[in-house]
Amino acid sequence: MSTPAIETTDLTKTFTSGKTATTAVDRLILTIEPGELVALLGPNGAGKSTTLKMITTLLTPTSGTVRLLGHDVAKRPAEARRHFGFVGQGNSAGSLQHGRDEVVVQALAHGLGRRQAAARADEIIDALGLADFAHRPVERLSGGQRRRFDIAIGLVNRPEVLFLDEPSTGLDPASRAHLQGIIRELHEETGATMVLTTHYLDEADAPSQRVVIIDHGRVIADDTAGALKAGLGDLVTLHFDDVCRAAAAADALRRQHDRVEEAGTSVGVRTDDGPTAGLTILDGLRDAGLQIAGIETSHASLDDVFLHLTGRSLRESDSETGESEDVDPDSPDDNRPDPTEPNPTEEVAA
Ligand SMILES: Nc1ncnc2c1ncn2[C@@H]1O[C@H](COP(=O)(O)OP(=O)(O)OP(=O)(O)O)[C@@H](O)[C@H]1O
Ligand SMILES: [Mg+2]
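So the sequence shown is residues 922 to 1271, counted in our numbering.
Here you go:
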């Protein structure tokens, strides 16, 4: 077996402030093989950024170990750093510097000569479709363009492992989809191991995408999005005219199904095959003399998986913590296409 790209063992981080201790990451165990593209999915405060910061030597773990391509990052941080790129959460601060210059500076910082640094910057800028904006001050770029420059910076040293912390936070859905496409293309072209964090369900929801769900600093699920959803099965939802009828139906259904839940005048039944089960359920209720007002079947979503595991919705978790898009209406830091651009629709061309 090859050496894993990333291997964490009981990785833990407890922040202490006065008498308050917050365990942000709690004995986290994670193995990622070379060449994988993995999404760490979890609500705000789940411990995703803290995990990435410990893996990338930016934070010292309270306990536990991290191996990156076999190197113990605590013992050999400089060696580990040579192998990865890190695109932090919200790197793109306003700057008068041109996008290309920022990439060149990073290439120089990685030890390339001036000419090599310029060539490397242009190569990545082309690969990320940024050539048209390369000589514009960063503060005049859209959110999606800035994030692409952030990714360019993370790629400067041709990392074997690239970490992207919330690459598309704050972007509108179209820009997000475009950036996701770019990340997938980069993954295919470079063959690098890529680990991204997200709390957007759509970002993790491709059938073969490996998704590691993190909550309260722990891994609570780890599989492809397709397998996680298939494991939960389909949902048949039955609607009734009144609560009494719904309760009677739930009682009857529980005799044949394990996973039956009542919610007011509705009853949900989890089953492996929604359409087939739906027909059987209809027959059974008719025989029992219970008239239904409506029926629908749906496949499980990643949010259903999260709800099933935690009792909370990932969507609600986000709105509870007041996620903000952080957009200043008076600044150019939004994600609307810039009308002065040669191709104003480029952000949506996924
Ligand atoms: N430097 C710090 N000092 C104290 N507590 C911290 C610090 N950094 C993070 N935390 C706490 O640790 C927990 C995990 O934070 P973390 O930033 O890792 O979450 P996250 O999953 O990245 O969330 P988000 O989706 O909002 O980026 C939170 O409760 C947070 O408040
Ligand atoms: Mg974070």
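Every residue, glycine too, gets a C-beta built ideally from N, C-alpha and C.
Item	Value
Top-ranked residue by Cα proximity to D951, from A1146, Y1121, D1172 and V1116	Note that residue 951 is Leu in the sequence shown, not Asp. Of the listed residues, the one whose Cα sits closest to L951 is V1116.
Closer than 7 Å: residues whose CB approaches a heavy atom of ligand 2	K969, S970, Q1010, D1086, E1087 and T1118
Contact check, L1005 vs L989, beta carbons under 8 Å	Strictly speaking, residue 1005 in this sequence is Phe, with Leu absent from that position. Their beta carbons are under 8 Å apart, which means F1005 touches L989 by this criterion.
Identity of the residue in L1203, D1208 and L1149 nearest L1228 by Cα	L1149
Sufficient close CB pairs (3 or more, under 8 Å) joining the stretch 1158–1178 to the stretch 983–999	no
T943 Cβ short of 7 Å to ligand 1 heavy atom set	yes
CA-to-CA distance, V987 to T978, given in whole angstroms	9 Å
Start and end residues, alpha helix (DSSP H) containing L1017	Run containing L1017: none; DSSP gives neither H nor E here.
Start and end residues, alpha helix (DSSP H) containing I1074	G1064 to L1076
Alpha helix (DSSP H) runs wholly inside the stretch 1090–1163, at least 4 long, in chain order	1094–1111, 1122–1125 and 1146–1153
Cβ separation of T1114 and E957, assumed to be a contact under 8 Å, to the nearest whole Å	6 Å
Cβ-heavy atom distance, N965 to ligand 1, below 7 Å	yes
As assigned by DSSP and simplified to three states, the class of V1226	helix
Assigned secondary structure, K974 (DSSP; H/G/I helix, E/B strand, else coil)	helix
Rounded Cβ spacing between G1009 and R948 (contact assumed at less than 8 Å)	With 8 Å as the limit, G1009 and R948 do not qualify as a contact, their Cβ atoms being about 24 Å apart.
Distance cut-off 7 Å: S938 Cβ against heavy atoms of ligand 1	yes
Through-space distance from Q1027 to R1035, alpha-carbon basis	11 Å
Reduced DSSP category for V1026 - H, G, I as helix; E, B as strand; rest coil	helix
Inter-residue Cα distance where the pair is T1275 and H992	It is not possible to answer for residue 1275, since the shown part of the chain is limited to 922 through 1271.
Counted within 10 angstroms of its Cβ, other Cβ atoms place S938 as buried (16 or more) or exposed	exposed
Environment of T933 [buried if 16+ CB atoms lie within 10 Å]	buried
Alpha-carbon to alpha-carbon, A1214 and G1064	47 Å
Contact test: H1178 Cβ vs ligand 1 heavy atom, cutoff 7 Å	no
Inter-residue CB distance, A960 and A1221 (contact presumed, cutoff 8 Å)	Contact doesn't hold; Cβ gap of about 17 Å is too wide.
Unbroken alpha helix (DSSP H) run spanning T1192, endpoints	Not the alpha helix (DSSP H): T1192 falls in the beta strand (DSSP E), residues S1187 to T1192.
Close-in-space but distant-in-sequence residues of the same chain around L1033 (CB under 7 Å, 5 per side omitted)	R1041
Rounded straight-line distance, which links the Cα of T1218 to that of T1197	10 Å
Residues near D1136 by beta carbon distance below 6 Å, same chain, minus five either side	G963, A967 and T1231
Ligand 1 heavy atom lying under 7 Å from the CB of H1229	no
Heavy atom of ligand 1 within 7 Å of H1031 beta-carbon	no
Whole-angstrom distance between T1119 and T1145, CA atom to CA atom	15 Å
Bridge partners - E1182, DSSP secondary structure assignment	G1189
Host beta strand (DSSP E) of D931 (start-end)	I927 to S938
Three-state secondary structure assigned by DSSP to V994	coil
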